[in-house]
Amino acid sequence: MKLSFVSSAIISIGSISTAFASNYPPDYAYQTASALHDGAALFVHVGSGCDSADLFGYNKTGPLAQMNPEKIEAVVTAECRTSNGDTTKRVSVITLGKEWRGAGYLSPAFSFYSLLPNNCESLDQELRVAFSANGLWDSLGGNDYRINYGFYKGVNGRRLEVFHTGMSGGCNNIVMPIWDFVANQLNN
Numbered sequence: 716m717k718l719s720f721v722s723s724a725i726i727s728i729g730s731i732s733t734a735f736a737s738n739y740p741p742d743y744a745y746q747t748a749s750a751l752h753d754g755a756a757l758f759v760h761v762g763s764g765c766d767s768a769d770l771f772g773y774n775k776t777g778p779l780a781q782m783n784p785e786k787i788e789a790v791v792t793a794e795c796r797t798s799n800g801d802t803t804k805r806v807s808v809i810t811l812g813k814e815w816r817g818a819g820y821l822s823p824a825f826s827f828y829s830l831l832p833n834n835c836e837s838l839d840q841e842l843r844v845a846f847s848a849n850g851l852w853d854s855l856g857g858n859d860y861r862i863n864y865g866f867y868k869g870v871n872g873r874r875l876e877v878f879h880t881g882m883s884g885g886c887n888n889i890v891m892p893i894w895d896f897v898a899n900q901l902n903n
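The opening position of the sequence shown corresponds to residue 716 in the working numbering, with each subsequent residue numbered one higher.
Quick look at the structure:
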């Protein structure tokens, strides 16, 4: 009995010292959300020290949402120069479903990088986004919504809101306060 108690105490102390010896600050995995408003569109980046995710939203007051479709699609065009100097383009479609509290439409979490063409020389590329529902389009008057991976650094007159949670999602889950923040941003 004494031997098992001593063994478990040694294992526990070893585990604790390993965690403290990692040299990561205690808030390393705390999540922060940056939400960029652009007309009816909402672009959200969720990041922590160990992971990141992106979301697209569409406000319930936007022209496409007024029709109350079951879904809205974000058609995303990414273009970049490859390492051999050629220009390449990729078009992706992200489906936004109805946000369960009625705030608008929201995509599942995805990676910004998954929208880029293969072999991009630079990951700091601008994306062009147009939204579609029931055969109608919202492309910001034909100019497309534009988003850059560093969007929270250069907002160009658009409204940016930032929310720090002080909570970790375990490096691969978005914590509930972030989802609440996003729903509140869709309502604004």
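All C-beta atoms, glycine included, are put in the ideal place defined by N, C-alpha and C.
So, using beta-carbon positions, are residue i and residue j closer together than 8 Å?
{"i": "Leu855", "j": "Gly754", "result": "yes"}
{"i": "Ala824", "j": "Ala768", "result": "yes"}
{"i": "Val844", "j": "Tyr860", "result": "yes"}
{"i": "Gly812", "j": "Lys786", "result": "yes"}
{"i": "Ala748", "j": "Val897", "result": "yes"}
{"i": "Ala789", "j": "Pro832", "result": "no"}
{"i": "Tyr773", "j": "Ala756", "result": "yes"}
Of all the options the options, which has the alpha carbon lying nearest to the alpha carbon of residue i?
{"i": "Leu875", "options": "Val759, Tyr743 and Pro740", "result": "Val759"}
{"i": "Glu836", "options": "Val806, Leu751, Val877 and Asn799", "result": "Asn799"}
{"i": "Phe878", "options": "Pro741, Val761, His752 and Ala756", "result": "Val761"}
{"i": "Met882", "options": "Leu751, Ser763 and Ala750", "result": "Ser763"}
{"i": "Pro741", "options": "Cys765, Ala756 and Ile862", "result": "Cys765"}
{"i": "Ile862", "options": "Val890, His752 and Ile889", "result": "His752"}
{"i": "Trp894", "options": "Thr803, Glu814 and Tyr773", "result": "Glu814"}
{"i": "Thr802", "options": "Arg816, Asn834 and Phe771", "result": "Asn834"}
{"i": "Phe846", "options": "Phe771, Tyr739 and Gln746", "result": "Phe771"}
{"i": "Gln900", "options": "Tyr739, Arg816 and Asp853", "result": "Arg816"}
{"i": "Ile889", "options": "Ser826, Thr810, Tyr739 and Pro784", "result": "Ser826"}
Would DSSP call residue i helix, strand or coil?
{"i": "Ser829", "result": "helix"}
{"i": "Trp815", "result": "coil"}
{"i": "Ile893", "result": "helix"}
{"i": "Gln902", "result": "Rather than Gln, the amino acid found at residue 902 in this sequence is Asn. It is helical."}
{"i": "Ala736", "result": "Note on Ala736: pLDDT 46, under 50, position unreliable in the model; the coordinate value appears next. Correct three-state label for Ala736: coil."}
{"i": "Ala824", "result": "coil"}
{"i": "Ala780", "result": "helix"}
{"i": "Glu876", "result": "strand"}
{"i": "Lys775", "result": "coil"}
{"i": "Gly850", "result": "coil"}
{"i": "Ser807", "result": "strand"}
{"i": "Gly881", "result": "strand"}
{"i": "Asp753", "result": "strand"}
{"i": "Leu770", "result": "strand"}
{"i": "Leu855", "result": "coil"}
{"i": "Arg744", "result": "What sits at residue 744 in the sequence shown is Ala, not Arg. It is coil, neither helix nor strand."}
{"i": "Gly800", "result": "coil"}
{"i": "Asn888", "result": "coil"}
Please check the pair residue i and residue j, which I expect to be a contact at CB under 8 Å, by giving their CB distance rounded to whole angstroms.
{"i": "Val909", "j": "Leu842", "result": "Residue 909 falls outside the range modelled here, since the chain spans only 716 to 903, and no answer is possible."}
{"i": "Leu830", "j": "Arg805", "result": "7 Å"}
Between the segment 760-780 and the segment 813-820, do three or more beta carbon pairs fall short of 8 Å? By the Cβ test, the segment 760-780 is in contact with the segment 813-820, since at least three Cβ pairs between them sit closer than 8 Å.
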